[in-house]
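Q: These protein sequences, in sequence, are chains F and P. 1 is the number of the first residue of the first sequence in the numbering used here; add one for each residue after it. 1001 is the number of the first residue of the second sequence in the numbering used here; add one for each residue after it. One structure follows; several queries about it will come next.
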Amino acid sequence: KQEVTQIPAALSVPEGENLVLNCSFTDSAIYNLQWFRQDPGKGLTSLLLIQSSQREQTSGRLNASLDKSSGRSTLYIAASQPGDSATYLCAVSTSGTYKYIFGTGTRLKVLA
Amino acid sequence: DAGVIQSPRHEVTEMGQEVTLRCKPISGHDYLFWYRQTMMRGLELLIYFNNNVPIDDSGMPEDRFSAKMPNASFSTLKIQPSEPRDSAVYFCASSLMTGQGIQYFGAGTRLSVL
C-alpha cells in the first residue's frame, strides 16, 4: 500500500531564504507526482506535475525533482516571500491511473 | 471558466439527517474526484468518475455514503444518515485525461454534524 510522508510538518523561515520541502513515498511504481499549495480555508492549487519519466519540473521560483528509485521528491522554493506562506502537499498516482495518494503536508510560514 | 464549483460552502446539520453536497466540474473535464480532508487523516480520495462512470469507490467509508454523476456537469455526494465523525471538509476536483492528470480543486464544503 502506497504511503506518502512529508517532512517537516511545519517550517518557519525569514523572507528571502531558499528552502526545500521533502516528500517520500514507499512504492516507486508511480504514474506521476504533483505538488499542491493549499491556503487556509481554500481548495488545493496544483503547482507542478512530474511524470514518472521526468526528473524535474520548474515554474518560476519553484523547482520540483523526482527520484523514483529512492522514493523521493523535493520542492525547492527560491527567494521565499511572505505570499508563499501556505500548506504544501505532494501526491502520487499509481501506475496508469489518476488516483492520487496525498501526503499530510508541510505548513510553511515566511516571515517578513 | 469559473473553475470547479461546490455548494454549499458550509453545512451544519444534526446527527441522523441527510446531507447532499454538490459539485460542478470544469466544462470539458472527463474526470471527477471527491475527497475528504480531516486533521487526523489528511486528504483522502473517496471516489472518482471517468465520463460519468464510477471507476473506484474503494475510499467510500461506509454504505451511508453514496455518489452520483448523472451528467458531465454535475455530481453529488450524499451522506445518509450523517454522524458527527463525518464532520470534515469535502473537496471536489476535476481533470482532463489529456491534461497529464493535473487536478483542479473546488473551494470545498465544510460539513459539521452535531
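C-beta: ideal position from N, C-alpha, C; glycine also. These numbers were taken from a predicted model, which means no experiment stands behind them.
Say whether chain F places a C-beta atom closer than 8 Å to the C-beta of Ala-1107(P).
A: To locate residue 1107(P), count along the second sequence from 1; it is residue 107. Yes, Ala-1107(P) counts as interfacial toward chain F.
Q: Looking at Thr-97(F) and Pro-8(F), is the spacing between their C-beta atoms short of 8 Å?
A: Taking the first sequence and counting its residues from 1, the one referred to as residue 8(F) is at position 8. Taking the first sequence and counting its residues from 1, the one referred to as residue 97(F) is at position 97. No.
Q: So for Asp-67(F), helix, strand or coil by DSSP?
A: Within the first sequence, the letter at position 67 stands for residue 67(F). Reduced to three states, the DSSP call for Asp-67(F) is strand.
Q: Ser-1095(P) touches chain F at which residues, Cβ-Cβ below 7 Å?
A: The sequence position of residue 1095(P) within the second sequence is 95, counting from 1. Near Ser-1095(P) (Cβ distances below 7 Å), the residues of chain F are Tyr-98.
Q: Classify Leu-1114(P): buried if its beta carbon has 16 or more other beta carbons within 10 angstroms, exposed otherwise.
A: To locate residue 1114(P), count along the second sequence from 1; it is residue 114. So Leu-1114(P) ends up on the exposed side.
Q: Using CA atoms only, rank isn't needed, just tell me which of Arg-1085(P), Ile-1102(P), Asn-1052(P) and Ser-1075(P) is closest to Thr-1013(P).
A: Here residue 1013(P) refers to the residue found at position 13 of the second sequence. The shortest Cα separation from Thr-1013(P) among Arg-1085(P), Ile-1102(P), Asn-1052(P) and Ser-1075(P) belongs to Arg-1085(P).
Q: Please report whether the beta-carbon of Tyr-1090(P) lies at a distance below 8 Å from any beta-carbon of chain F.
A: What you label residue 1090(P) is simply residue 90 of the second sequence in a count that begins at 1. So, not an interface residue.
Q: Does Leu-1032(P) have its Cβ less than 8 Å from a Cβ in chain F?
A: The residue labelled residue 1032(P) in the question sits at position 32 within the second sequence. Chain F, which has no Cβ nearer than 8 Å to the Cβ of Leu-1032(P), makes this no.
Q: Tell me the DSSP secondary structure of Met-1039(P) in three-state form.
A: Counted from its first residue, the second sequence places residue 1039(P) at position 39. If DSSP states are grouped into helix, strand and coil, Met-1039(P) belongs with coil.
Q: Please say whether Asn-1052(P) and Met-1039(P) have beta carbons closer to each other than 8 Å?
A: By one-based count along the second sequence, residue 1039(P) stands at place 39. By one-based count along the second sequence, residue 1052(P) stands at place 52. The answer is no: Cβ separation not under 8 Å.
Q: Expressed to the nearest angstrom, what Euclidean distance is found between the alpha-carbon atoms of Phe-25(F) and Gln-1037(P)?
A: Position 25 of the first sequence holds residue 25(F). Position 37 of the second sequence holds residue 1037(P). C-alpha separation (whole angstroms): 20 Å.
Q: Considering only C-alpha positions, which residue in the set Leu-75(F), Ser-59(F), Arg-37(F) and Ser-46(F) is nearest to Ala-86(F)?
A: One-based indexing of the first sequence puts residue 86(F) at position 86. Here the closest residue by C-alpha is Arg-37(F).
Q: Leu-108(F) to Lys-68(F), Cα distance in whole Å?
A: As a working mapping, residue 108(F) is identified with position 108 in the first sequence. As a working mapping, residue 68(F) is identified with position 68 in the first sequence. The straight-line gap from Cα to Cα measures roughly 25 Å.
Q: Would Gly-16(F) be called buried (16 or more neighbouring beta carbons within 10 Å of its own) or exposed?
A: Position 16 of the first sequence, counted from the first residue, corresponds to residue 16(F). Gly-16(F) is exposed by the Cβ-count criterion.
Q: Gln-1017(P) touches chain F at which residues, Cβ-Cβ below 7 Å?
A: On the second sequence, residue 1017(P) is found 17 positions in, with the first residue counted as 1. Those do not exist, as Gln-1017(P) stays about 24 Å from chain F at its closest Cβ, beyond 7 Å.
Q: Give the secondary structure of Asp-1063(P) by DSSP, where H, G and I count as helix, E and B as strand, and everything else as coil.
A: The count along the second sequence starts at 1 and reaches residue 1063(P) at position 63. Residue state, collapsed to three classes: coil.
Q: Can you find a CB in chain P that lies within less than 8 Å of the CB of Phe-25(F)?
A: In the first sequence, counting from the first residue as 1, residue 25(F) sits at position 25. No, Phe-25(F) does not count as interfacial toward chain P.
Q: How long is the line joining the alpha carbons of His-1029(P) and Met-1097(P), rounded to whole angstroms?
A: The residue labelled residue 1029(P) in the question sits at position 29 within the second sequence. The residue labelled residue 1097(P) in the question sits at position 97 within the second sequence. Rounded to whole angstroms, His-1029(P) to Met-1097(P) spans 8 Å at the Cα level.
Q: Checking 8 Å against the spacing of the C-beta atoms, do Asp-1056(P) and Lys-1(F) come in under that value?
A: In the second sequence, counting from the first residue as 1, residue 1056(P) sits at position 56. In the first sequence, counting from the first residue as 1, residue 1(F) sits at position 1. No. Outside cutoff.
Q: Taking C-beta pairs closer than 7 Å, name the residues in chain F that Asp-1056(P) reaches, listed in chain order.
A: Here residue 1056(P) corresponds to residue number 56 of the second sequence, with the count starting at 1. Ordered by position in chain F, the residues that pass the 7 Å Cβ test against Asp-1056(P) are Lys-99.
Q: Assuming Leu-33(F) contacts Leu-75(F) under a Cβ cut-off of 8 Å, what Cβ separation, rounded to an integer in Å, is found between them?
A: Taking the first sequence and counting its residues from 1, the one referred to as residue 33(F) is at position 33. Taking the first sequence and counting its residues from 1, the one referred to as residue 75(F) is at position 75. Contact flag wrong, Cβ pair sits at about 10 Å.
Q: Quick one: list the residues of chain P neighbouring Ser-43(F), beta-carbon separation under 7 Å, in chain order.
A: Position 43 of the first sequence, counting from 1, holds the residue named residue 43(F). Here the sequence assigns Gly to residue 43(F), which means Ser is not the residue at that position. Within 7 Å Cβ-Cβ: Phe-1091, Phe-1105, Gly-1106, Ala-1107 and Gly-1108.
Q: Closest by CA to Ile-30(F), which one among Ile-77(F), Arg-72(F) and Tyr-88(F)?
A: Within the first sequence, residue 30(F) is the residue found at index 30, counting from 1. Of Ile-77(F), Arg-72(F) and Tyr-88(F), the residue nearest in Cα terms is Arg-72(F).
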